[in-house]
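Okay, so here's the structure we're looking at.
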Amino acid sequence: DGGITQSPKYLFRKEGQNVTLSCEQNLNHDAMYWYRQDPGQGLRLIYYSQIVNDFQKGDIAEGYSVSREKKESFPLTVTSAQKNPTAFYLCASSIGAGTGTEAFFGQGTRLTVV
Amino acid sequence: ILNVEQSPQSLHVQEGDSTNFTCSFPSSNFYALHWYRWETAKSPEALFVMTLNGDEKKKGRISATLNTKEGYSYLYIKGSQPEDSATYLCAALYGGSQGNLIFGKGTKLSVKP
Numbered sequence: 044d045g046g047i048t049q050s051p052k053y054l055f056r057k058e059g060q061n062v063t064l065s066c067e068q069n070l071n072h073d074a075m076y077w078y079r080q081d082p083g084q085g086l087r088l089i090y091y092s093q094i095v096n097d098f099q100k101g102d103i104a105e106g107y108s109v110s111r112e113k114k115e116s117f118p119l120t121v122t123s124a125q126k127n128p129t130a131f132y133l134c135a136s137s138i139g140a141g142t143g144t145e146a147f148f149g150q151g152t153r154l155t156v157v
Numbered sequence: 012i013l014n015v016e017q018s019p020q021s022l023h024v025q026e027g028d029s030t031n032f033t034c035s036f037p038s039s040n041f042y043a044l045h046w047y048r049w050e051t052a053k054s055p056e057a058l059f060v061m062t063l064n065g066d067e068k069k070k071g072r073i074s075a076t077l078n079t080k081e082g083y084s085y086l087y088i089k090g091s092q093p094e095d096s097a098t099y100l101c102a103a104l105y106g107g108s109q110g111n112l113i114f115g116k117g118t119k120l121s122v123k124p
């Protein structure tokens, strides 16, 4: 089955620690995205990647880092510099960024900082 | 800052009722409008992607229209069923944005049997 997989579903982190969220897709999509959702807010773009070895900052990139070493994988690291990391994180992919084609989403990771 | 607005924020209807929601977006440099359905504990799923002014798309009992000149889109559900209960998201894509979909906050629909 083709799809996009995020892991883990729930993640707890101690304040001051970095943590990496996994996102893998087997849809052969060029573009991948990370969104964050907070209560009462729409999805906000953290980072996106149009092609392997390239990525761009979204609206709220501060305190986050990404890599795109393989087409299938786009991990997101939430660093200790992110002031309010507790949120729901969604990964998505599409055939190509800016093409207007639909995005396919993972099931999300809920990160809680304790 | 581009802002996509959805209304209402939430909606409660009876099974069999028809309903509609609104998505408003800045029309300048607009490229595409997406609608997604997001059921609890699942991933958002695309319903429609529309680009042309006057576009009208339909999938079963759900349809959507697009007005790019005035910057709005309507999503219609005919004869709502309990399985239609979900949050409906719209997102706008702008020329030159390189893939940055701007999402609204969503409309949460609850359909009572």
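Chains as they are written, first to last, in the working numbering: chain D, 44 to 157; chain B, 12 to 124. All C-beta atoms in this analysis are idealised placements derived from N, C-alpha and C, irrespective of residue type, glycine included.
Name the chain B residues whose beta carbon is nearer than 7 Å to that of residue i?
i	result
D:F148	S54 and P55
Which two residues bound the contiguous beta strand (DSSP E) that contains residue i?
i	result
B:I88	Y83 to I88
D:R153	T152 to V156
D:H72	First-last for D:H72: undefined, no H or E at that position.
D:I47	I47 to S50
B:L77	I73 to N78
B:V122	T118 to K123
D:L86	No beta strand (DSSP E) holds D:L86; DSSP gives it neither H nor E.
B:S21	S21 to Q25
Enumerate in chain order the residues of its own chain whose CB-to-CB distance from residue i is below 7 Å, with the five nearest sequence positions on each side excluded.
i	result
B:V122	V24, E26, S91, Q92, P93, D95 and S96
B:Y105	L13, N40, F41 and Y42
B:P124	E26 and P93
D:V156	R56, E58, P128 and T129
Go ahead and pull the three-state DSSP assignment for residue i.
i	result
D:E67	strand
B:D95	helix
D:E112	coil
D:D97	strand
B:I113	strand
B:E16	strand
D:T120	strand
D:T129	coil
B:N31	strand
D:F147	strand
D:S92	strand
D:Q80	strand
B:K70	strand
For residue i, which residues in chain B fall below 8 Å Cβ to Cβ?
i	result
D:Q84	K116
Kindly list the residues whose CB is nearer than 6 Å to the CB of residue i, restricted to its own chain and excluding five residues on each side of it in sequence; keep chain order.
i	result
D:M75	S92, F117 and S136
D:D81	A130
D:Q99	Y91
D:V95	R111 and K114
D:W77	I89, Y90, L119 and C134
B:W46	L58, F59, A75, L86 and C101
D:T144	S137 and I138
D:R153	Y53 and F131
So, for residue i: in the same chain, excluding its five sequence neighbours on each side, which residues have a beta-carbon less than 8 Å away from its beta-carbon?
i	result
D:I103	R79, R87, L88 and I89
B:Y85	N31, F32, T33, C34, A75 and T76
D:L70	G45, G46, I47, S136 and F147
Starting from residue i, find everything on chain B with Cβ-Cβ shorter than 9 Å and list it in chain order.
i	result
D:G101	N111
List the residues of chain D whose Cβ lies closer than 7 Å to the Cβ of residue i, in chain order.
i	result
B:A75	Correct list: empty, because the minimum Cβ distance to chain D is about 13 Å.
B:A43	G143
Taking Cβ-Cβ distances shorter than 9 Å, what residues in chain A pair up with residue i?
i	result
D:L88	Protein chains D and B are contained in the structure displayed, whereas chain A is not.
Taking C-beta pairs closer than 8 Å, name the residues in chain D that residue i reaches, listed in chain order.
i	result
B:V60	G143, T144 and E145
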